[in-house]
Amino acid sequence: MPGNLLDTQTASQRSFGIDYDKNYFLKDGKPFRYISGSIHYSRVPRYYWKDRLLKMKMAGLDAIQTYVPWNYHEFKPGVYDFSGDRDIEYFLQLANEIGLLVILRAGPYICAEWDMGGLPAWLLERESIILRSSDLDYLAAVERWMGVLLPKMKPYLYQNGGPVIMVQVENEYGSYFACDYDYLRYLQKLFHHHLGDEVVLFTTDGASKHYLRCGALQGLYATVDFAPGSNVSAAFLTQRGSEPRGPLVNSEFYTGWLDHWGHPHSVVPTNTIAKTLDEILSRGANVNMYMFIGGTNFAYWNGANMPYASQPTSYDYDAPLSEAGDLTDKYFALREVIGRVSVYKRHSTVAELLGDLSPSGPIRSIYPLTFVQLQQYFGFVLYRTTFPKNCSEPTPLFSPLNGVHDRAYVSVDGVPQGILERGKSNMINITGKAGANLDMLVENMGRVNYGRYNNDFKGLVSNLSLGQVTLIDWEIYPLDIDSVVGHGLNSKGGESKTSGGNPSRYAAPAFYTGRFSIPSGIPDLPQDTYIKFPGWTKVGQEQPAKKSGRLDNNGVVVLKGHTHISDDIQSSKPNLIQKPQPNTHSVPLRTCASTVLCQSSWCQPPPALGLAQEQLHGLLLPAATWLCGMCSGVTVKRSCSASYLAAHRAVRWQWLAGAGHAAATVPTPQAGGSDRC
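One point on numbering: in UniProt numbering, the residue at position 196 of the sequence shown is 196, and numbering is uninterrupted.
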């Protein structure tokens, strides 16, 4: 192995694994989420490897994924070639030097629209051989090949100083007729024998329980693949059927599609890909874009499908990098989506913070209790129960008596499912395994103040049913958000770094607090002002409490990514509660981002004042596994008086707890303009 391959960190300090309790990967003991793209070294000449890898790195990727075609290296039995364009070790070294992690798909079968799925044609010399099974002749050939390949790969594992963080076993085996679990167990044992017990082995299958039935195996982490435009929540819930705990992973998110000889070139719309990628990232999921560059089927390496249709020489795939390595519009669009994801200090999730959010602990009840019964008169209550049975098919969750008062965010094992809302949506379809956690975060949206319905109880005021079964045995958590914010919960949590996403696509609620400061020494301040929330769909604001002659720093924002209600929400801030620095004032909000733009409206100061324009700085500190994001979407708006224009106002946004992971700085907007986050 090249001497310069090892990371500056000693191999003994490096580790990569899975935290099943907290649903993420661990890299060197810290939470980690990857954004990856596929490149096949066998489809790109060695001369261009560095160029393509650098372009992938510049797109914001932190990992690449590649297949190892068996027949590319063992064209004839026992004759191995790892030179030139086949020098996979050099390819891995380059990736490591550039700073890209590697997800290695080692086969023996790879599909990949490659001749015979990477299996050598000489295997067919024994005509009765059953490929991809426990057939003894097949296993003997696999064992010889893996005995050559895997020892070469072991020094390149992350824990040994290399870039390889995960190794895939087989490929989409659930789509194959054999359904041979003994074969998968054999491969699992063989891979561990050569690579060690610490390596993370995984499988990939279509996001359907049908495919996962034969493709998943205990001890091999099950991931899924699905296309742009898919139902992201449903796809990941399918993964949860095989992996109830652990990180969400789409191992093949298709940026384009394969071509067949004699058919038009396949094209997938960029906006569809960008939108779905945004949704994936907004759920905290790991993703590999297949392909990020397709390349070329040189010589006779193209594959074919049935009914028989062969692939052509070109494997352009309508990928972000063209077959020639050129940057496409799709490249820039996906780079923009990835660019809205930043490194952040990870804070605890809502589930992890239930001890703080509900310090008295859960109240257990056979049937749901109302807010009044809980002595929780305002805010939020988390109701939790478990699936009483397997619901592999979509099953209605509903309140027969319109008993959700007023709005409930539903999730299954942390995966958002949808909303039940009083008078609007009394039923949603969900799936889950027996024993899976069913959480409902219920919000009091205000009591009726007129007419015969003044006796307005909040919470789950009647039973809920899952199919024909009445749900019982509830754990109920009243959330004391005001106290949590007042005690600065945002300072809790680890220093771990990972990636987050754009809040414009959130499917689950998140808690935010927003603070702004008033500069001192400005005449005629404070004045009345407004805070505007373009793109947020629901805002609730409290005025800071006035205690001991000062303003307390309290408040919360809840971000909700479901239904777009309004683009133009404006909230006033009377001057009587505003004071110059160092006092800091919290703006509690409840809302949802539905746009990727941070829209800003600014007044232009008169030239005579010679004052700098106002600035808006955004800092998001996340606090949950569901992934949130980048952009506060806040506009501070006031009348253009000279005294106001003299103000240099800074706004900061911090997450406390909720559905997201991210941190970012919102660029300073130009006067009268708007900026992308």
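Beta carbons: idealized from backbone N, C-alpha and C, even for Gly.
Pull up the distance between the alpha-carbon of Leu149 and that of Tyr72, whole angstroms please.
A straight line joining the alpha-carbon of Leu149 with that of Tyr72 spans about 12 Å.
Range of the contiguous alpha helix (DSSP H) that encloses Arg52:
Taken as a continuous stretch (DSSP letters only), the alpha helix (DSSP H) holding Arg52 covers Trp49 to Met58.
Hey, out of Tyr47, Ala59 and Lys152, whose CA is closest to Lys330's CA?
Residue nearest to Lys330 within the set Tyr47, Ala59 and Lys152 is Ala59 (criterion: CA-CA distance).
Any idea what DSSP makes of Lys433, helix, strand or coil?
Note: Lys433 maps to coil in three-state DSSP.
Is it the case that the Cβ atoms of Leu420 and Ala436 are separated by a distance below 8 Å?
Cβ distance not < 8 Å, so Leu420 and Ala436 don't count as in contact.
Assign Pro394 to buried or exposed, taking buried as 16 or more other Cβ atoms, counted over all protein chains shown, within 10 Å of its Cβ.
Burial state of Pro394 is exposed, judged by a 10 Å Cβ sphere holding fewer than 16 other Cβ atoms.
What first and last residue would you give for the beta strand (DSSP E) that runs through Arg335?
According to the DSSP assignment, Arg335 belongs to no beta strand (DSSP E) but to the alpha helix (DSSP H) extending over Asp329 to Gly339.
For Leu479, which of Val448, Glu198 and Leu441 has the nearest alpha-carbon?
Among Val448, Glu198 and Leu441, the Cα nearest to that of Leu479 belongs to Leu441.
Can we say the stretch 159–169 touches the stretch 16–33, given the rule of at least three CB pairs closer than 8 Å?
Per the Cβ contact rule, the stretch 159–169 is in contact with the stretch 16–33 (3 or more Cβ pairs under 8 Å).
Own chain residues within Cβ distance below 8 Å of Leu100, not counting five before or after
Excluding sequence positions up to five before and after Leu100, its CB lies within less than 8 Å of the CB of Leu53, Met56, Lys57, Leu61, Asp62, Ala63, Ile64 and Pro163, all in the same chain and listed in chain order.
The alpha helix (DSSP H) that contains Cys214, what's its start and end?
If you look at Cys214, you'll find it in the alpha helix (DSSP H) that goes Lys209 to Gly215.
Answer yes or no: do Asn402 and Gly418 have a C-beta to C-beta separation smaller than 8 Å?
No. Outside cutoff.
Stretch-stretch touch, CB-based, cutoff 8 Å, three pairs: the stretch 290–300 with the stretch 266–281
No, they do not touch.
Coil, strand or helix - Leu187 by DSSP
Looking at Leu187 - three-state DSSP - the assignment turns out to be helix.
Near Pro77, what residues of its chain come up, given a Cβ to Cβ distance below 6 Å and the 5 sequence neighbours on each side ignored?
Once the five neighbours on either side are set aside, the close Cβ partners of Pro77 are Trp122.
For Cys111, which residues from the same chain have a beta carbon less than 7 Å from its beta carbon, with the 5 sequence-adjacent residues on both sides left out?
So the qualifying residues of the chain are Gly117, Asn171 and Glu172.
Given a threshold of 16 other Cβ atoms within 10 Å of its Cβ, counted over all protein chains shown, does Ile35 qualify as buried or as exposed?
Ile35 comes out buried.
To which residues of the same chain is Ser242 closer than 7 Å at the C-beta, ignoring the five residues directly before and after it?
Counting only Cβ-Cβ distances below 7 Å, and skipping sequence neighbours, we find Leu212, Ala216 and Ala222.
Does DSSP put Lys154 in a helix, in a strand, or in coil?
DSSP, read as helix, strand or coil, puts Lys154 in helix.
Segment limits, beta strand (DSSP E) that includes Lys30:
Its beta strand (DSSP E) spans residues Lys30 to Phe32.
How would you call Leu136, buried or exposed, if buried means at least 16 neighbouring beta carbons within 10 angstroms?
Counting C-beta atoms within 10 angstroms of its own C-beta, Leu136 has fewer than 16 neighbours from the protein chains shown and is therefore classed as exposed.
Continuous beta strand (DSSP E) stretch holding Ala474: start and end
The sequence shown places Trp at residue 474, rather than the Ala named in the question. Trp474 to Leu479 is the extent of the beta strand (DSSP E) around Trp474.
Considering Cα atoms alone, identify which of Leu195, Asp326 and Tyr186 is closest to Pro155.
The residue among Leu195, Asp326 and Tyr186 with its C-alpha nearest the C-alpha of Pro155 is Leu195.
My understanding is that Pro312 touches Asp259, with C-beta atoms under 8 Å, so please give their C-beta distance in whole angstroms.
Indeed they touch by this definition, with Cβ atoms about 6 Å apart.
Considering only the alpha carbon of each residue, which of Asn286, Ser310 and Ser322 lies closest to Val341?
Nearest C-alpha to Val341: Asn286.
With distances taken between CB atoms, is the gap from Val68 to Leu104 smaller than 8 Å?
In this structure, Leu104 lies closer than 8 Å to Val68 by Cβ.
Which term fits His265, buried or exposed, when burial requires 16 or more other beta carbons within 10 angstroms of its beta carbon?
By the 16-neighbour rule on beta-carbons within 10 angstroms, His265 is exposed.
Ala222 - containing beta strand (DSSP E), residue span
Start and end: Tyr221 to Phe226.
Could you spell out where the alpha helix (DSSP H) holding Glu127 opens and where it closes?
Annotation: Glu127 is outside any alpha helix (DSSP H) and is labelled neither H nor E by DSSP.
Between Cys628 and Glu198, what straight-line distance do the alpha-carbon atoms span, to the nearest angstrom?
At Cys628 the pLDDT is 28, less than 50, meaning the model places this residue with poor confidence; the figure from the coordinates comes in the next sentence. Counting only the Cα atoms, Glu198 lies some 31 Å from Cys628.
When DSSP labels each residue in this structure, what does Phe236 get in the three-state scheme?
Note: Phe236 maps to helix in three-state DSSP.
Run of the alpha helix (DSSP H) containing Gln65, from where it starts to where it stops
Taken as a continuous stretch (DSSP letters only), Gln65 belongs to no alpha helix (DSSP H), being part of the beta strand (DSSP E) at Ala63 to Tyr67.
Enumerate in chain order the residues of its own chain whose CB-to-CB distance from Glu113 is below 6 Å, with the five nearest sequence positions on each side excluded.
Its chain contains Leu258, Gly303 and Gln311 as the residues whose beta carbon lies nearer than 6 Å to that of Glu113, once the 5 sequence neighbours on both sides are disregarded; these appear in chain order.
For a quick check, are the C-beta atoms of Gly37 and Met289 less than 8 Å apart?
In this structure, Gly37 sits near Met289, with a CB-CB distance shorter than 8 Å.
Could you please give the first and the last residue of the uninterrupted beta strand (DSSP E) stretch that includes Tyr72?
That residue, Tyr72, is in no beta strand (DSSP E); its alpha helix (DSSP H) goes Trp70 to His73.
Find out if the Cβ-Cβ distance for the pair residue 687, Met153 is shorter than 8 Å.
Not covered by the structure: residue 687. The range shown for the chain is 1 to 677.
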